[in-house]
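Q: Residue numbering for the sequence shown is 656 to 1049, as defined by the numbering used here.
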Amino acid sequence: MVKINKNYNALKESYLFSTTARKIREFQTQNPDKPVIKMGIGDVTKPLTPCVVKALEKASAEMGVAETFRGYGDEQGYGFLREAVQKYYKKIGNVDLDANEIFIADGAKSDLANFTDLFSNDNVIVIPDPVYPVYLDSNVMLGREIVYIEGNEANGFLPMPYEGLKGDIVYLCSPNNPTGAAYNREQLKIWVDYAIKNDMLILYDAAYEAFIEDDNLPRSIYEIEGAKKCAVEFCSLSKTAGFTGTRCGYTIVPNDIVIENKSLNKMWLRRQTTKFNGTSYIVQRGAEAVFSDEGINECYSNIAYYKENAKIIAKALDEIGVWYTGGINSPYVWLKCGMDSWEFFDLLLNEAQVAGTPGSGFGKCGEGYFRLTAFNTRENTIEAMERIKKIFKK
Ligand code: PLP
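This is how it looks when you write it as structure tokens:
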């Protein structure tokens, strides 16, 4: 008889985005003359940039010619892309990586969740609250014990380690989804030192590193001394380059990390070569183009557009005196709604026809807060904030 993984029973139903989508749909059906502006989605709206499209087209054409056709690719990703990632790390953070420390992925979500394969289920997992839900759910699926570290206004939504913190593996997300908060060098150094001292592993999600504009904030955890001994970094081209539908990311597993005499890098290679057959050649060529000078300029100009939207959101919140954080080194603005975050969702939808994301969907500490994203168009962002201002001024 088949037996299921009973840990799935412990998963909280993932109703956040399905419920917001259903509520928006219902409102729109009942009020077809009141168009809803969606400021809740974590997806980008700008298309792939011209130099990426050119690279994808060229690679597609190569696949149709016998001499340039490619079958299965290199195990960790093509050399040309890993070299591009190496140069990118040197450029953004003066970080030196060995090519074999870089694993090309089909996005960060799969690697973040799959990395759990490498560890025994009696590890205690430390998870910030609020945060991107994948860390929690992928460990709940394995029945692991979870310890939460709380993000709140007092710590700027940047939880820090403390004496007596129980845990073996900690997830850090900086800049954070949903709060937009980002660790500075001193704070990350405290985490790295703590991890080394306590034999802890940091799984560092840098999916939004390209949004960082403040020089005091590291773009990679490897800018911090010692991090190569205790941290794995996950990154994605989804928000950097609009690859949410194209799918490409990369994971850095330093050679220096050895646990119970096993190289974590070699374990991940073994895991990936067994369970993953790589990101497509065409997509890897597109990703290579992202890291070219032209590609970086094009992608950063899209990011600048989103960040201008974030400024518009922030300015409107300033005008109506609503507390918020984020939006500077991040596409997310995290505001205090002063009521139950689902009630606030309904209020904005019904009164202003603006949809955001209730903070409680990202963890208990998100209750009373609300996430707006800068990924909509300029016109919609301006209009949404005008509508929000009006209901606050009523
Ligand atoms: N990490 C964070 C913090 C995210 O917010 C997201 C996507 O929203 C991801 C990872 C997943 O990225 P990808 O599209 O590369 O799977």
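Note that beta-carbon positions come from the ideal geometry of N, C-alpha and C, so glycine has one too.
Using only Cβ atoms and a threshold of 6 Å, which residues come within that distance of a heavy atom of the ligand PLP? Order them by chain position.
A: 697, 762, 763, 764, 787, 828, 832, 860, 862, 891, 893, 899 and 904
Q: Would DSSP call residue 837 helix, strand or coil?
A: Translated into positions along the sequence shown, residue 837 becomes position 182. The answer is coil: DSSP assigns residue 837 none of H, G, I, E or B.
Q: On the three-state DSSP scale, how would you describe residue 817?
A: Here residue 817 refers to the residue found at position 162 when the sequence shown is read from its first residue. Correct three-state label for residue 817: coil.
Q: Alpha carbon to alpha carbon, how far is residue 854 from residue 883? Give it in angstroms, no decimals.
A: Translated into the one-based positions of the sequence shown, residue 883 becomes position 228. Translated into the one-based positions of the sequence shown, residue 854 becomes position 199. Cα to Cα, the separation comes out at about 13 Å.
Q: In the DSSP assignment, the alpha helix (DSSP H) including residue 970 goes from what residue to what residue?
A: As a first step, residue 970 must be located in the sequence shown, where it is residue number 315. Note, residue 970: alpha helix (DSSP H), 948-975.
Q: Rounded to the nearest angstrom, what separates residue 893 and residue 709 at their Cα positions?
A: Counting from 1 along the sequence shown, the entry for residue 893 is found at position 238. Counting from 1 along the sequence shown, the entry for residue 709 is found at position 54. Each residue's alpha carbon lies about 18 Å from the other.
Q: Quick check on the burial criterion: 16 or more other C-beta atoms within 10 angstroms. Buried or exposed for residue 945?
A: Here the question's residue 945 lines up with position 290 in the sequence shown. Buried is the call here.
Q: Within 10 angstroms of its Cβ, does residue 978 collect 16 or more other Cβ (buried), or is it exposed?
A: Taking the sequence shown and counting its residues from 1, the one referred to as residue 978 is at position 323. That one is exposed.
Q: Do the region 948-956 and the region 776-790 meet, that is, are 3 or more Cβ pairs less than 8 Å apart?
A: no
Q: Given that a residue counts as buried once 16 or more other Cβ atoms are within 10 Å of its Cβ, and exposed if not, what is residue 660?
A: Along the sequence shown, one-based indexing puts residue 660 at 5. Per the 10 Å Cβ criterion, exposed.
Q: Look at the Cβ atom of residue 890, then the Cβ atom of residue 847, and state whether they are nearer than 8 Å.
A: Working through the sequence shown from its first residue, we reach residue 890 at position 235. Working through the sequence shown from its first residue, we reach residue 847 at position 192. No; because the gap between Cβ atoms is not below 8 Å, this pair is not in contact.
Q: Just tell me which of 741, 929, 821 and 939 has its CA closest to the CA of residue 715.
A: Here residue 715 refers to the residue found at position 60 when the sequence shown is read from its first residue. The shortest C-alpha separation from residue 715 is found at 939.
Q: Could you tell me the alpha carbon to alpha carbon distance between residue 684 and residue 833, rounded to whole angstroms?
A: Residue mapping note: residue 684 aligns to position 29 of the sequence shown, counting from 1. Residue mapping note: residue 833 aligns to position 178 of the sequence shown, counting from 1. Going from the Cα of residue 684 to the Cα of residue 833 covers about 29 Å.
Q: Out of 873, 976 and 859, point me to the one whose CA is closest to residue 865's CA.
A: Along the sequence shown, read from residue 1 onward, the residue named residue 865 stands at position 210. Of the candidates 873, 976 and 859, the one whose C-alpha sits nearest the C-alpha of residue 865 is 873.
Q: For my contact list, residue 971 and residue 1043 are in at a C-beta cut-off of 8 Å; report their separation, rounded to the angstrom.
A: In the sequence shown, residue 971 corresponds to position 316, counting from 1. In the sequence shown, residue 1043 corresponds to position 388, counting from 1. Residue 1043 and residue 971 do touch by the CB rule: their CB atoms are close to 6 Å apart, below 8 Å.
Q: According to DSSP, which residues form a beta bridge with residue 886?
A: Sequence index remark: in the sequence shown, residue 886 carries index 231 (1-based). Answer is 857, bridged to residue 886.
Q: With distances taken Cα to Cα, identify the nearest neighbour of residue 1031 among 658, 721, 828 and 961.
A: Here residue 1031 corresponds to residue number 376 of the sequence shown, with the count starting at 1. Among 658, 721, 828 and 961, the Cα nearest to that of residue 1031 is on 961.
Q: Is it a yes or a no for the region 920-933 touching the region 763-773, going by three-plus beta-carbon pairs under 8 Å?
A: yes
Q: Could you please give the first and the last residue of the uninterrupted alpha helix (DSSP H) stretch that includes residue 941?
A: By one-based count along the sequence shown, residue 941 stands at place 286. It spans 936-945 - the alpha helix (DSSP H) in which residue 941 sits, taken as one unbroken run.
Q: Going by C-alpha distance, which of 698, 813, 705 and 826 is nearest residue 839?
A: On the sequence shown, position 184 is the one that residue 839 refers to. Of 698, 813, 705 and 826, the residue nearest in Cα terms is 813.
Q: Among 901, 910 and 671, which has the Cα closest to the Cα of residue 877?
A: Here residue 877 refers to the residue found at position 222 when the sequence shown is read from its first residue. The shortest Cα separation from residue 877 among 901, 910 and 671 belongs to 910.
Q: Suppose you measure from the CA of residue 999 to the CA of residue 760; what does that come to, to the nearest Å?
A: Locating residue 999 in the sequence shown gives position 344, where the first residue counts as 1. Locating residue 760 in the sequence shown gives position 105, where the first residue counts as 1. Going from the Cα of residue 999 to the Cα of residue 760 covers about 37 Å.
Q: Beta carbon of residue 1018, beta carbon of residue 992: below 8 Å?
A: The sequence position of residue 1018 within the sequence shown is 363, counting from 1. The sequence position of residue 992 within the sequence shown is 337, counting from 1. Against a cut-off of 8 Å, the Cβ pair of residue 992 and residue 1018 comes out as no contact.
Q: Of the residues 1020, 1015, 1040 and 1038, which one's Cα is nearest the Cα of residue 670?
A: By 1-based counting over the sequence shown, the position of residue 670 is 15. Taking only the C-alpha atoms, the option nearest residue 670 is 1015.
Q: Hey, residue 782 and residue 801: beta-carbon distance below 8 Å or not?
A: Your numbering for residue 782 matches position 127 in the sequence shown. Your numbering for residue 801 matches position 146 in the sequence shown. Yes.
Q: Using the Cα positions of residue 947 and residue 963, report the straight-line distance between them to the nearest angstrom.
A: Start at 1 with the first residue of the sequence shown, and residue 947 comes out as number 292. Start at 1 with the first residue of the sequence shown, and residue 963 comes out as number 308. Whole-angstrom Cα-Cα distance: 24 Å.
Q: Might you give, ordered along the chain, the residues of its own chain that have their beta carbon closer than 6 Å to the beta carbon of residue 723, omitting 5 neighbours on each side?
A: Position 68 of the sequence shown, counted from the first residue, corresponds to residue 723. For residue 723, where only same-chain residues beyond five positions count, the Cβ hits under 6 Å are 717.
Q: Could you give the DSSP three-state label for residue 663: helix, strand or coil?
A: Within the sequence shown, numbered from 1, the residue matching residue 663 stands at position 8. Correct three-state label for residue 663: helix.
Q: Which partner residues does residue 1026 have in the DSSP bridge list?
A: Counting from one through the sequence shown, the residue named residue 1026 turns up at place 371. As a beta-bridge residue in DSSP terms, residue 1026 pairs with 989 and 1012.
Q: What does DSSP give as the partner residue(s) for residue 981 in the beta ladder?
A: Translated into positions along the sequence shown, residue 981 becomes position 326. BP columns for residue 981 point to 988.
Q: With 16 other CB atoms within 10 Å as the buried threshold, where does residue 1040 fall?
A: As a working note, residue 1040 is residue 385 in the sequence shown. Buried: at least 16 other Cβ atoms inside 10 Å.
Q: So, for residue 899: in the same chain, excluding its five sequence neighbours on each side, which residues have a beta-carbon less than 8 Å away from its beta-carbon?
A: As a working mapping, residue 899 is identified with position 244 in the sequence shown. Excluding residues within five positions, the ones whose Cβ falls inside 8 Å are 698, 699 and 893.
Q: Please classify residue 830 as buried or exposed, where buried requires at least 16 other C-beta atoms within 10 Å of its C-beta.
A: Taking the sequence shown and counting its residues from 1, the one referred to as residue 830 is at position 175. It counts as buried.
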